Amino acid sequence: MAKHIEVRDLNIYYGSFRAVRDVSMTIHPCAITALIGPSGCGKSTYLRALNRMHELVPAARVEGEVVMDDQDLYAPGMDPVEVRKHVGMVFQRPNPFPTMSVYDNVAAGLRLNHGRMRKSEMDGIVEESLRGANLWEEVKDRLDKPGSGLSGGQQQRLCIARAIAVKPDVLLMDEPCSALDPISTHAIEDLMAELKENYTIVIVTHNMQQAARVSNYTGFFNIGGTGEPGELVEIDETPKIFSTPAHTSTEEYISGRFG
Amino acid sequence: MSTPTETRPTSADTEPPRDRTRLVRGSLPRWAPWATLAGAALLAAVPTVVATGFSLIFFALCLALCYVAGIFLWSRSVEGTRKAADRAFTAVVTSAFALALTPLVSVVITVVSKGVQRFDTEFFTHSMRGVVGAGGGAYHAIVGTLITSGLATLMSVPIGLCTAIYLVEYGRGRLARGITFFVDVMTGIPSIVAGLFAYALFTLVFGPGTVNGFSGAIALSVLMIPIVVRSSEEMIKIVPDDLREAAFALGTPKWKVILRVVLPTAVAGISTGVTLAVARVVGETAPLLIAAGTTASTNFNPFSGQMATLSVFSYYEYASPGVPPEPYLERAWTAALTLMAIVMVLNLLARSFSLLFAPKTRS
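Chains as they are written, first to last, in our numbering: chain A, 1 to 259; chain B, 1001 to 1363.
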């Protein structure tokens, strides 16, 4: 299940523009790694490079290595579609498929990837995933209703259920709570704490309290200036980053003195 | 009357002075527009009767002018310039709407009143085979219209839809730009040219004078493809990228993302677009006149022999009636009415498609 990721000298480009420079970090299994930093510093770009989602943007490319349990995701011959089956993603805005019911949304990943499956087996996975996303009790009576009829927080948990239904090894979360109210945010944070038992989780967040609350490791990204690439300033255990960071820019950022 | 604190001198000149701390403005009673309309009608009637006896067009023109002026002046004296301008522009827009509606209503009334005489069972069950003078029907033409339009749809929808998918999901660079350009050019092709194209094509392939239903369908699909491409392209474009990303992040191959997520989300708009494209070509006359020809008897085979269609039938009955002309003219009008009914049914279908397939948010 949960996998260990080693990133070495990762450079990410959009055409000739270098968006992220020389990132190296270790992402630990069964732990939450939070990425913080000012807007435009390349956190989301970096996150999307971890499951090759950034390739959907024309002219985007990557140099360097992302090694997941001895396999370089960017080695020649690696299939990005296969990579994404192992590295799931939850997005900033809840995006359930509008044409599908709650049930079909959760089953979507399985149906799209594995084709036909026995109904009883599918029912089991859907219930397990919805329970895993702490949503089962709220939606068990309306599984056949449209997924977009749920509240924002429920929709986001539905998207998490959809992501974990395909049983990935790693879960990437791109500001999963930024569109949600504090109560829904709390529900998702609780959920992340449970999910890290079985998954490697990487979360991008603008909310430093959230990073401090939920994560085991925190990485701080910064940007030299406009047009400069973003870079990883430091990454360490969360308590250390928030108490005695090695760099002054980290301390300035988390204490709110700039950015 | 201007107050020194007023920043916009034009409105200060025209509005009565008011206490700037009060937020309440005067307002006209609810019946004001109707009262103004009645007053304007009386006012407009005088010059109309004096100048022209009674010309409806002249009266409508005077009425519109009087109403706009009347409501503007009245509203300005009570409500101020902004609301007066609002009322005046509402009146102008409404008049423009009425003007645009006039020819439509006129066509409907004319076609229905003249076409209803022969809107009977015989018209829908008999062809013109062996009919001279009264009687007969347009069964052969209705069959021909359905066959040619149906074949054109069968050819245009796959081609158009695939082109749209290519343009939105795959197309980059020169090829995509070229296709977009030629689709735009195709949109502007005069329909007679499409007919000539089909005729020339069949002449080249099957020899001179090959005129049949399939040739007509080819001509129609030349007109239909660009419409399908355009409407489908727009509909596929507005599917949010969020949904594509969500599907990709589940490890789904691109073709499945398009087939299972993008197209189902856009299907309401696509089917509406296709139905409207059918409605657009079903009434074409010129290309069918050249490519499909005409005949008096029913022809179910689109690959052999000429095929009558409603629009061409209507045209011939009207353009070259026999003696006496009345039964021919009546058939022409009824054919037009039938065509209009078909188009209306298609439009209603398009509406119900978009309601039926639209993504549902309410539970």
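Here a beta-carbon is modelled for each residue, glycine too, at the ideal position from N, C-alpha and C.
These figures come from a predicted structure and were not determined experimentally.
Check: Name the chain A residues whose beta carbon is nearer than 7 Å to that of LYS1256 of chain B?
Finding: In the second sequence, the residue the question calls residue 1256 of chain B occupies position 256. Chain A residues near LYS1256 of chain B: LEU112.
Checklist line | C-beta neighbour in chain B for CYS159 of chain A, strict 9 Å | finding: Counting from 1 along the first sequence, the entry for residue 159 of chain A is found at position 159. Output row for CYS159 of chain A: interface = yes.
Note to self: Rounded to the nearest angstrom, what separates THR1102 of chain B and ASP1241 of chain B at their Cα positions?
What the structure shows: As a working note, residue 1102 of chain B is residue 102 in the second sequence. As a working note, residue 1241 of chain B is residue 241 in the second sequence. Roughly 43 Å separates the two Cα atoms.
Check: ARG1030 of chain B bridges to which residues according to DSSP?
Finding: Taking the first residue of the second sequence as position 1, residue 1030 of chain B is located at position 30. The partner list for ARG1030 of chain B (beta bridge, DSSP) is empty, contrary to what the question assumes.
Next item on the list: Please state whether DSSP places PHE1303 of chain B in a helix, a strand or coil.
Entry: Here the question's residue 1303 of chain B lines up with position 303 in the second sequence. Coil at PHE1303 of chain B, not helix or strand.
Notebook entry, point to check: Is the CB of LYS85 of chain A under 9 Å away from at least one CB in chain B?
Noted result: Taking the first sequence and counting its residues from 1, one reaches residue 85 of chain A at position 85. Yes, its Cβ sits closer than 9 Å to a Cβ of chain B.
Check: When we look at the beta-carbon of SER24 of chain A and count the other beta-carbons within 10 Å, is it buried (16 or more) or exposed?
Finding: Taking the first sequence and counting its residues from 1, the one referred to as residue 24 of chain A is at position 24. When all chains shown are included, SER24 of chain A counts as exposed.
Checklist line | Cα-Cα separation, SER1297 of chain B to ALA1291 of chain B | finding: Residue mapping note: residue 1297 of chain B aligns to position 297 of the second sequence, counting from 1. Residue mapping note: residue 1291 of chain B aligns to position 291 of the second sequence, counting from 1. Taking the straight line from one Cα to the other gives about 17 Å.
Note to self: Can you tell me where the beta strand (DSSP E) holding GLU65 of chain A begins and where it ends?
What the structure shows: As a position in the first sequence, residue 65 of chain A is number 65, starting the count at 1. Note, GLU65 of chain A: beta strand (DSSP E), 60 to 68.
Notebook entry, point to check: Is the beta carbon of MET89 of chain A sitting closer than 9 Å to the one on ALA107 of chain A?
Noted result: Mapped onto the first sequence, residue 89 of chain A falls at position 89. Mapped onto the first sequence, residue 107 of chain A falls at position 107. No, the pair does not count as a contact, with Cβ atoms beyond the cut-off.
Next item on the list: Per DSSP, which residues does SER101 of chain A bridge with? Please list them.
Entry: Locating residue 101 of chain A in the first sequence gives position 101, where the first residue counts as 1. Partner(s): A:PRO146.
Item checked: Candidates B:LYS1254, B:PRO1264, B:PHE1248, B:MET1224: closest to ILE1238 of chain B by CA position -> Along the second sequence, read from residue 1 onward, the residue named residue 1238 of chain B stands at position 238. Measuring from the Cα of ILE1238 of chain B, the nearest candidate turns out to be B:PRO1264.
Notebook entry, point to check: Alpha carbon to alpha carbon, what distance is there between ARG1082 of chain B and ARG1008 of chain B?
Noted result: As a working mapping, residue 1008 of chain B is identified with position 8 in the second sequence. As a working mapping, residue 1082 of chain B is identified with position 82 in the second sequence. At ARG1008 of chain B, the pLDDT of 48 sits below 50, so the modelled position is not reliable and the matter cannot be decided from this model.
Next item on the list: Please decide whether LEU1349 of chain B counts as near chain A, where near means a Cβ-Cβ distance under 9 Å.
Entry: Walking along the second sequence from the start, residue 1349 of chain B turns up at place 349. With 9 Å as the cut-off, LEU1349 of chain B does not count as an interface residue toward chain A.
Note to self: Going by beta-carbon coordinates alone, are PRO38 of chain A and ILE241 of chain A separated by less than 9 Å?
What the structure shows: Position 38 of the first sequence, counted from the first residue, corresponds to residue 38 of chain A. Position 241 of the first sequence, counted from the first residue, corresponds to residue 241 of chain A. Their beta carbons are not under 9 Å apart, which means PRO38 of chain A does not touch ILE241 of chain A by this criterion.
Margin query: Rounded to the nearest angstrom, what separates THR1005 of chain B and ARG1076 of chain B at their Cα positions?
Written below: Translated into the one-based positions of the second sequence, residue 1005 of chain B becomes position 5. Translated into the one-based positions of the second sequence, residue 1076 of chain B becomes position 76. Because the pLDDT of THR1005 of chain B is 48, which lies under 50, any placement of that residue in the model is unreliable, and the number read from its coordinates should be weighed accordingly. So the two alpha carbons sit approximately 20 Å from each other.
Next item on the list: Since I believe ILE36 of chain A is in contact with LEU244 of chain A (beta carbons under 8 Å), could you give me their beta-carbon distance rounded to a whole number of angstroms?
Entry: If you number the first sequence from 1, residue 244 of chain A lands on position 244. If you number the first sequence from 1, residue 36 of chain A lands on position 36. According to the sequence provided, residue 244 of chain A is Thr. The question's Leu does not apply to it. Their Cβ separation, rounded to whole angstroms, is 16 Å, which puts THR244 of chain A and ILE36 of chain A out of contact at 8 Å.
Item checked: Three CB pairs or more closer than 8 Å across the stretch 1270 to 1286 of chain B and the stretch 1198 to 1207 of chain B -> no
Margin query: Using 8 Å as the cut-off, can you tell me whether the stretch 158 to 167 of chain A makes contact with the stretch 126 to 143 of chain A, which would need three or more C-beta pairs spanning the two stretches below that distance?
Written below: yes
Next item on the list: Using the Cα positions of GLN155 of chain A and VAL1262 of chain B, report the straight-line distance between them to the nearest angstrom.
Entry: Along the first sequence, read from residue 1 onward, the residue named residue 155 of chain A stands at position 155. Along the second sequence, read from residue 1 onward, the residue named residue 1262 of chain B stands at position 262. GLN155 of chain A and VAL1262 of chain B: Cα-Cα distance of roughly 19 Å.
Notebook entry, point to check: Along chain A, in chain order, which residues have C-beta atoms closer than 7 Å to that of THR1265 of chain B?
Noted result: As a first step, residue 1265 of chain B is located in the second sequence; it is residue number 265 there, counting from the start. Under the 7 Å cutoff, chain A gives PRO98, THR99.
Margin query: Does the CB of MET127 of chain A have a neighbour CB from chain B at under 9 Å?
Written below: In the first sequence, the residue the question calls residue 127 of chain A occupies position 127. The question names Met, but residue 127 of chain A is Glu in the sequence shown. Chain B, which has no Cβ nearer than 9 Å to the Cβ of GLU127 of chain A, makes this no.
Checklist line | Whether ASN1212 of chain B touches PRO1287 of chain B by CB criterion (9 Å) | finding: Indexing the second sequence from 1 puts residue 1212 of chain B at position 212. Indexing the second sequence from 1 puts residue 1287 of chain B at position 287. No.
Next item on the list: Work out the CA separation of THR1187 of chain B and THR205 of chain A for me, nearest whole Å.
Entry: The residue given as residue 205 of chain A occupies position 205 in the first sequence. The residue given as residue 1187 of chain B occupies position 187 in the second sequence. One C-alpha to the other measures close to 49 Å.
Check: How about ALA1300 of chain B: is its C-beta nearer than 9 Å to some C-beta of chain A?
Finding: As a first step, residue 1300 of chain B must be located in the second sequence, where it is residue number 300. According to the sequence shown, residue 1300 of chain B is Phe rather than Ala. It does not; no Cβ of chain A falls within 9 Å.
Item checked: Contact between the stretch 3 to 15 of chain A and the stretch 65 to 74 of chain A (3+ Cβ pairs under 8 Å) -> yes
Margin query: Is there a Cβ of chain B sitting closer than 9 Å to that of VAL66 of chain A, yes or no?
Written below: Position 66 of the first sequence, counted from the start, is the residue given in the question as residue 66 of chain A. No, VAL66 of chain A lies away from the interface with chain B (no Cβ there is under 9 Å from its Cβ).
Checklist line | Cβ-based burial, CYS1162 of chain B [other Cβ within 10 Å; buried from 16] | finding: In the second sequence, counting from the first residue as 1, residue 1162 of chain B sits at position 162. Exposed.
Checklist line | Reduced DSSP secondary structure (H/G/I, E/B, other) of PHE242 of chain A | finding: Locating residue 242 of chain A in the first sequence gives position 242, where the first residue counts as 1. Helix, per DSSP.
Item checked: Residues within the stretch 1318 to 1329 of chain B neighbouring chain A, beta-carbon criterion of under 9 Å -> none
Check: PRO176 of chain A CB to nearest chain B CB: under 9 Å?
Finding: If you number the first sequence from 1, residue 176 of chain A lands on position 176. Chain B contact via Cβ: absent.
Check: Would you say PRO1004 of chain B reaches chain A, if we count a Cβ-Cβ gap shorter than 9 Å as a contact?
Finding: Here residue 1004 of chain B refers to the residue found at position 4 when the second sequence is read from its first residue. Residue placement at PRO1004 of chain B cannot be trusted, given a pLDDT of 49 that sits under 50; the coordinates are not used to answer.
Check: Closer than 9 Å, CB to CB, is GLU121 of chain A near chain B or not?
Finding: Stepping through the first sequence from its first residue, residue 121 of chain A is reached at position 121. No, GLU121 of chain A does not count as interfacial toward chain B.
Note to self: Buried or exposed for PRO1327 of chain B, going by 16 or more other Cβ atoms inside 10 Å?
What the structure shows: Within the second sequence, numbered from 1, the residue matching residue 1327 of chain B stands at position 327. By the 10 Å Cβ count, PRO1327 of chain B comes out buried.
Margin query: Just verifying my parser: in three-state terms, what is the DSSP assignment at THR33 of chain A?
Written below: Indexing the first sequence from 1 puts residue 33 of chain A at position 33. Strand, per DSSP.
Check: Tell me which same chain residues have a C-beta within less than 8 Å of the C-beta of ARG21 of chain A, skipping the five on either side of it?
Finding: Sequence index remark: in the first sequence, residue 21 of chain A carries index 21 (1-based). Once the five neighbours on either side are set aside, the close Cβ partners of ARG21 of chain A are ASN11, PRO229, GLY230, GLU231.
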